[in-house]
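Heads up: the structure comes next, in structure tokens.
There are 2 protein chains.
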Amino acid sequence: MVTFMEISAIAVSVVSFVVAGLLFAWVAKPGVKHDRIEMIGSLICEGANTFLRREYLILARFSTVMVALILLCIPHPIWKTGGWENVVMALAYIAGTCFSALAGKVGIQVATIANRKTALAATVGIRPAFLAGFRGGAVMGMAVVGSSLLGVTLLLMLTGDATTLLGFSFGASSLALFAKAGGGIFTKTADISADLTGKVELGIPEDDPRNPAVIADNVGDNVGDVAGMGADLFDSNVASMSAALVMALALDNGIVGTHAMMVLCYATIGLLASIIGVGTARMGRHENPSHALNSSTYVTTMIYLLLSALATILFSFPWRIWGATVIGLAVGTVIGLASDYFTNDAKRPVHQVALASRNGPAFTILGGLSYGLLSVLPGMVGIALSAMGSYILCAPLGTGYPFFGISMSALGMLSIVGMIISNDAYGPIVDNARGLVEMAALGETALDVTDALDSAGNTVKAITKGFAIAAAGLTVISLLGAFVTEVNAAARQLGLEDRMITGFDIMDPNVFFGLLTGAAVPAVFSAMLMMGVDRNAQRMVREIHRQFKEIPGLKEGRPGVMPQYRTCINIATVGALRELIPAGLMAILATLAVGFIGGVTAIGGFLAGNIISGLLLALFMSNAGGLWDNAKKYIESGKHGGRASDAHKAAVIGDTVGDPFKDTAGPSLNTQITVVSLVSSIMASLFLSVSLF
Amino acid sequence: MVTFMEISAIAVSVVSFVVAGLLFAWVAKPGVKHDRIEMIGSLICEGANTFLRREYLILARFSTVMVALILLCIPHPIWKTGGWENVVMALAYIAGTCFSALAGKVGIQVATIANRKTALAATVGIRPAFLAGFRGGAVMGMAVVGSSLLGVTLLLMLTGDATTLLGFSFGASSLALFAKAGGGIFTKTADISADLTGKVELGIPEDDPRNPAVIADNVGDNVGDVAGMGADLFDSNVASMSAALVMALALDNGIVGTHAMMVLCYATIGLLASIIGVGTARMGRHENPSHALNSSTYVTTMIYLLLSALATILFSFPWRIWGATVIGLAVGTVIGLASDYFTNDAKRPVHQVALASRNGPAFTILGGLSYGLLSVLPGMVGIALSAMGSYILCAPLGTGYPFFGISMSALGMLSIVGMIISNDAYGPIVDNARGLVEMAALGETALDVTDALDSAGNTVKAITKGFAIAAAGLTVISLLGAFVTEVNAAARQLGLEDRMITGFDIMDPNVFFGLLTGAAVPAVFSAMLMMGVDRNAQRMVREIHRQFKEIPGLKEGRPGVMPQYRTCINIATVGALRELIPAGLMAILATLAVGFIGGVTAIGGFLAGNIISGLLLALFMSNAGGLWDNAKKYIESGKHGGRASDAHKAAVIGDTVGDPFKDTAGPSLNTQITVVSLVSSIMASLFLSVSLF
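Line by line, the protein sequences give chains A and B.
Using my numbering, read the first sequence as starting at 1 and increasing by one per residue.
Using my numbering, read the second sequence as starting at 694 and increasing by one per residue.
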């Protein structure tokens, strides 16, 4: 059965690549040519690729240092018991970074083609435009999930070792951390600067070609939302599979057995369901685009439930394990819907904040912050309940099963991740298409079409973001279980059996120290990223002011006068590259400091504190940011005086504050908590043998 | 020795009352009469007393319900083993609420007299004005600390029972929770409305008598910052003594012995040091007021260190216990200074945010939020280190000592609380005095004097706030120890020895469930309070607009035309009273829900999660709020274009957002975490016998 399952996983991964390839061919098929679209489109494409190349260059240097460190001392110091294990770990780490980088690259490649196709299709009608946007996103979805399943399966077949899997996952996560941070800083630098100088100061529309930052803004959508998000979900997906496999291998006494098969089986079925969901997605004649996106997600969910139940019967897997995956999927959906409630412009919170904006920006901000804080409740309680539910459900199966259950719950939540990524990548593609339509002056009808597509993208984004945060939370809880497994394996190997652990007592001062320190890290991490955006955007605003002042005729829109788009792209690039390393490095170094000071017990507390405050801040920031964005859009739709009103000015300020919340700091926190957990697990052996207390 | 120490505690408490009485007589001594000052002063006094009376009426009803519940089932259900114990608990609870209410009442009484004296003294010079303001605050400081020491000592002598002390403390805390929330909502409703309609819309100065909300704003300073804060620190002080006494009694096998004596001894010395510090405080000829406030704090600290070391020698107390109090005091000072760094207008963060304001309010907000998030680091790590330090320091003394050490560390941090309260109450008094000077048109020189005094009040406030948050954090950590003691005592009494606990394992799903849920509570709690302020302020802004529209000549400042001050006071009162119960009740009910669902282990996690996120949000909100306030003042001092500039408009918006952060939600979180801990401890027995899991 082992071989059958591994081969199935590989086969389905290959199918997903084929589907991705077919979709890519469809998206890239040459159609009508439009000079201005081509010109602007290639500017965007060039900017995105330049950024990505320079970012990867920096990350390659960082990874080289990491590889050297791994060779020297992870999992074991080379001068003690290390050696071959370290080499395998280093190779797994490199593979993880390469897969993750590739996911970002593929995403950029297709997104910067799909945006043009969508823009041109928008002149024909909403249905072909939707299809172009969605299929562009789906290429990304299929490629990311296929490669994560393929990578994990191959590694499992080649090494059969849990710690190596964590190394692979750490490679993916560390790259995702920096890619997410770098892309997030880039995109928000450009977005904020473009909005402030364009919408607020000059009163010109979004995407107006006179604005020097407008192309940088579109580049940002790609490098932040497409490449960054792809790396992020690749990493969550790999981490959830790895955590589950670590515990599965422990249950199977270190060999690849039934439990590992369950992991591969349910993950494969999830990918299969996503492929079918993607293949069947289209917009009905009377549907709106957000309905189309949601219904294909529901189709995927149903197919997963059905197929996984069948597999459970067929392979006689315990129903309790299947139940855990279902709990995860259900809770993920509920949390996604809760995020939707707080950010949807048809619901009370957005209406209230829009209403409050009439009294000035202070009330916009206060309203958004309050609802954002309130919105953490369903997420936190939901994650708590799914962890508790799957623990209790699987506990009767025996020792080791409760945490395996939690990890399967995370896996279940992420089973439909192929669909989630497709939906999520759809957003920036149609956002870009809207920009192209505006800049190439393709007409009001096309603008209306892309506006409708864009608005659906925003709604769905809230749901997928809630989902991604919940999945990361649950994954990291199961990584806590993986950490204990790793510590005990290392203790046995090092002959330190007396230092094996079963848990972390809050009353232990070491654990408590870890809890408080771990909780501070996400706050500092997000502060650093937000300050990066802040500094960078101020530089860019100065540059835009300079261009408006020094280029005659630009402000007035004299025909033929073009701003220097490239200078702005360059400022965003240089700034983002300067800011992307420190925050992530701080999180990693803090973990090492706590581990070497307080040892593995302090790390247990550290991880718990990090998860708690990371989830709290991620939910708070993502939801508050999404709420402000949609409150602005709600007013722009004509409510409370519409675009020219004071309420709109206030809402734009809210949106500007929300931008780095929801697109830089908030989503990077997912990756931050995952990276910290993985660092802890692969360093378990070192923390055990070298620590102050 | 026991009797000697108890009598000393009572004697020093009495001395503090005498000092308070003398200072009160000095402040209340009739001086020059000034009709307009008298008229406005008595309006403020009347408004504050009306609010307090109506607030206490509501709280009396709430307390009646609580007393009934206590009689029925706390600490034990009356139909099982309860009876006399419940009556004692109820009496202790009532005593706690009465003492706390009295502290607020005394504070209001003296503050509304001292503000007039300070205003009139300001026409003479800064030194007499400083003295009037400071001595007014000191009455409050002496009364609050004296009564908390007296209450705890008397209760200990009468009952000798730890659980009863926790009931007393719970009485104080529950009242403080609602008083703080109610006062906080009142003060910020008035402050925000006055600022928005006055400063922003009309461009008239703060405290301009044409503004209908201006008296309500001054009333708010009294009911929020004086009465609320007094109740808050009374409660922290009682809670820290009670937590320490619970563990002391356990160490002394349930009787009042050496360890309880240590608690009383160090607490008494703290009060003595504060009395001397207050007595010697005055402004030197060439000093500035903030220097005078700080130097008297340092004097108090030195006297405490000296006297407590002498007592340690005299009574042969273990030096390690003394060391724990010193760690607490030192870390409290460091955290206070860190808060000062982030909020002082001579330091980088304020300068950066003021500079960013030139680019618009979005950057003001983003800068403040970023620095606020960054500022949690020293606080969280400081608390972690002091808990760990005192734990490790006292661990060699034997079982039970580590947590006793933490509680003594909290006690040490609060030893100079008399001085802290005096400094803190000084702030609203001189703020009020400034208002009186402006409204009664006492001239530019007097205005300059009160401006200087007010600015010192703001600087010192940041330090005392950091101190108060740190003290609450450490107290609550030691209450976690008290909770374990209570659970085990109850388990022994109920014959449930098999359910005794030594700690809380993070890997236990019950504990983890508690951690996540507990962490969500402070977020929801602060969201509810901020929404309360938001709703209320919007009502009040509408009323002010109405008055400006309907009262002819008001806007123009035609002589003899007066706004309807009382309507605004009434709106703030009614609104605050409507909003003050739900948030606090939510926190208490969440605790009960978690306790009855997951039992004592879930509560352990719940308390830890609550402490972590409560501290995080309290530090974040207090510091961000203080930073925005001072960035605005910094610009008003003429930087970046001064009062008329766009930077100032942006900074005012930042300040408005910061108001409920720093004066409503932030400081109420202290009390929220204390209340939740105390509820858990006194319900320990019930949670042990009745829970779902």
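All C-beta atoms in this analysis are idealised placements derived from N, C-alpha and C, irrespective of residue type, glycine included.
### Message
Any beta carbon from chain A within less than 8 Å of residue 939 (chain B)'s own beta carbon?
### Response
When Cβ-Cβ separations below 8 Å define contact, residue 939 (chain B) makes no contact with chain A.
### Task
For the alpha helix (DSSP H) containing residue 545 (chain A), list its first residue and its last residue.
That run of the alpha helix (DSSP H) goes 509-550.
### Task
Please determine, among A:665, A:336, A:690, the residue with the shortest C-alpha to C-alpha distance to residue 228 (chain A).
Answer by Cα proximity: A:665.
#### Entry: CB contact below 8 Å: residue 1330 (chain B) versus chain A
Residue 1330 (chain B) does not count as touching chain A.
### Query
If you run the structure through DSSP and keep just helix, strand and coil, what is residue 1198 (chain B)?
Under the three-state reduction of DSSP output, residue 1198 (chain B) falls in the strand class.
### Message
Taking the straight line between their C-alpha atoms, what separation do you get for residue 290 (chain A) and residue 434 (chain A)?
### Response
The straight-line gap from Cα to Cα measures roughly 16 Å.
#### Entry: Residues that residue 530 (chain A) contacts on chain B, provided the C-beta gap is smaller than 8 Å
Within chain B, the residues whose beta carbon sits less than 8 Å from that of residue 530 (chain A) are 1059, 1062, 1063, 1066, listed in sequence order.
#### Entry: Secondary structure of residue 322 (chain A), DSSP reduced to three states
Correct three-state label for residue 322 (chain A): helix.
### Message
Using a Cβ-Cβ distance cut-off of 8 Å, determine whether residue 392 (chain A) contacts chain B.
### Response
With its beta carbon less than 8 Å from one in chain B, residue 392 (chain A) belongs to the interface.
#### Entry: Residues near residue 850 (chain B) in its chain [Cβ-Cβ closer than 7 Å; skip 5 each side]
Here the set comprises 699.
### Message
If the cut-off is 7 Å on Cβ atoms, which residues from the segment 535-549 of chain A count as contacting chain B, listed in chain order?
### Response
Within the segment 535-549 of chain A, the residues whose Cβ lies closer than 7 Å to some Cβ of chain B are 538, 541, listed in chain order.
### Message
For residue 1157 (chain B) and residue 941 (chain B), what's the separation of their Cα atoms in angstroms?
### Response
Distance between the alpha carbons of residue 1157 (chain B) and residue 941 (chain B): 28 Å.
### Message
Given this structure, state the Cα-to-Cα distance separating residue 188 (chain A) from residue 887 (chain B), to the nearest angstrom.
### Response
Within the model, the alpha-carbon separation for residue 188 (chain A) versus residue 887 (chain B) is close to 35 Å.
### Message
Given this structure, state the Cα-to-Cα distance separating residue 572 (chain A) from residue 1117 (chain B), to the nearest angstrom.
### Response
The alpha-carbon atoms of residue 572 (chain A) and residue 1117 (chain B) are separated by roughly 45 Å.
### Query
Exposed or buried, residue 1377 (chain B), counting other C-beta atoms within 10 Å across all chains shown (16 or more means buried)?
Flag for residue 1377 (chain B) reads buried.
### Query
By the 10 Å Cβ neighbour count, where 16 or more other Cβ atoms means buried, how is residue 628 (chain A) classified, buried or exposed?
By the 10 Å Cβ count, residue 628 (chain A) comes out buried.
### Query
With burial defined as no fewer than 16 other Cβ atoms inside 10 Å of the residue's Cβ, what is the status of residue 1355 (chain B): buried or exposed?
Counting Cβ neighbours within 10 Å, residue 1355 (chain B) comes out buried, since at least 16 surround it.
### Member of B:969, B:862, B:767 whose CA lies at the smallest distance from the CA of residue 709 (chain B)
For residue 709 (chain B), the closest C-alpha among the options B:969, B:862, B:767 is that of B:969.
### Message
Please list, in chain order, the residues of the segment 484-501 of chain A that have any C-beta partner in chain B closer than 8 Å.
### Response
Listed in chain order, the positions of the segment 484-501 of chain A with a beta carbon within less than 8 Å of a beta carbon of chain B are 484.
### Message
Would residue 653 (chain A) pass as an interface residue toward chain B - the criterion being a Cβ-Cβ separation below 8 Å?
### Response
Residue-level contact by beta carbon holds for residue 653 (chain A) and chain B, with a gap shorter than 8 Å.
#### Entry: Where residue 157 (chain A) sits in the DSSP three-state scheme
Looking at residue 157 (chain A) - three-state DSSP - the assignment turns out to be helix.
#### Entry: Which listed residue (A:75, A:107, A:79) has its alpha carbon closest to that of residue 165 (chain A)
Checking every option, the nearest Cα to that of residue 165 (chain A) belongs to A:75.
### Query
Among A:134, A:215, A:310, A:256, which residue has its Cα nearest to the Cα of residue 162 (chain A)?
The residue from A:134, A:215, A:310, A:256 with its alpha-carbon nearest to that of residue 162 (chain A) is A:256.
#### Entry: Nearest residue (CA-CA) to residue 261 (chain A), options A:80, A:9, A:205
When C-alpha distances from residue 261 (chain A) are compared across A:80, A:9, A:205, the shortest belongs to A:9.
### Task
Count the C-beta pairs between the segment 858-869 of chain B and the segment 735-743 of chain B that are closer than 8 Å, then say yes if the count reaches three, no if not.
Cβ pair count under 8 Å is below three, so no.
### Cβ separation of residue 631 (chain A) and residue 654 (chain A), assumed to be a contact under 8 Å, to the nearest whole Å
The beta carbons of residue 631 (chain A) and residue 654 (chain A) sit about 6 Å from each other, so the pair counts as a contact at 8 Å.
### Message
I want to see whether chain B comes within less than 8 Å of residue 657 (chain A), judged by CB atoms only; does it?
### Response
A Cβ of chain B is located within less than 8 Å of the beta carbon of residue 657 (chain A).
### Query
If you run the structure through DSSP and keep just helix, strand and coil, what is residue 331 (chain A)?
Under the three-state reduction of DSSP output, residue 331 (chain A) falls in the helix class.
### Task
Verify the CB distance criterion: does residue 1245 (chain B) have a CB-CB separation below 8 Å to chain A?
The beta carbon of residue 1245 (chain B) does not come within 8 Å of any beta carbon belonging to chain A, so the residue lies off that interface.
#### Entry: Whole-Å CB distance - residue 603 (chain A) paired with residue 466 (chain A), under 8 Å assumed
Going by Cβ atoms, the distance from residue 603 (chain A) to residue 466 (chain A) rounds to 28 Å, so no, they are not a contact pair.
### Inter-residue CB distance, residue 811 (chain B) and residue 804 (chain B) (contact presumed, cutoff 8 Å)
About 10 Å separates the two Cβ atoms, so there is no contact after all.
### Query
Which first and last residues belong to the alpha helix (DSSP H) in which residue 1131 (chain B) is found?
Membership of residue 1131 (chain B) in the alpha helix (DSSP H) is indicated by the continuous run 1110-1132.
### Message
So, at 6 Å on beta carbons, what are the nonlocal neighbours of residue 1384 (chain B) in its own chain, with the 5 sequence-adjacent residues on each side left out?
### Response
Result list for residue 1384 (chain B): 1289, 1292, in chain order.
### Message
Across the segment 497-505 of chain A and the segment 1175-1191 of chain B, are there enough close Cβ pairs to call them in contact, namely three or more that are closer than 8 Å?
### Response
In short, these stretches do not touch, since the Cβ pair count stays below three.
### Task
Name the residue from B:902, B:1371, B:1050 whose alpha carbon lies nearest to the alpha carbon of residue 1256 (chain B).
Residue B:902 is the option with its Cα nearest to residue 1256 (chain B).
### Message
Does chain A have any CB closer than 8 Å to the CB of residue 1056 (chain B)?
### Response
At least one chain A Cβ lies under 8 Å of residue 1056 (chain B).
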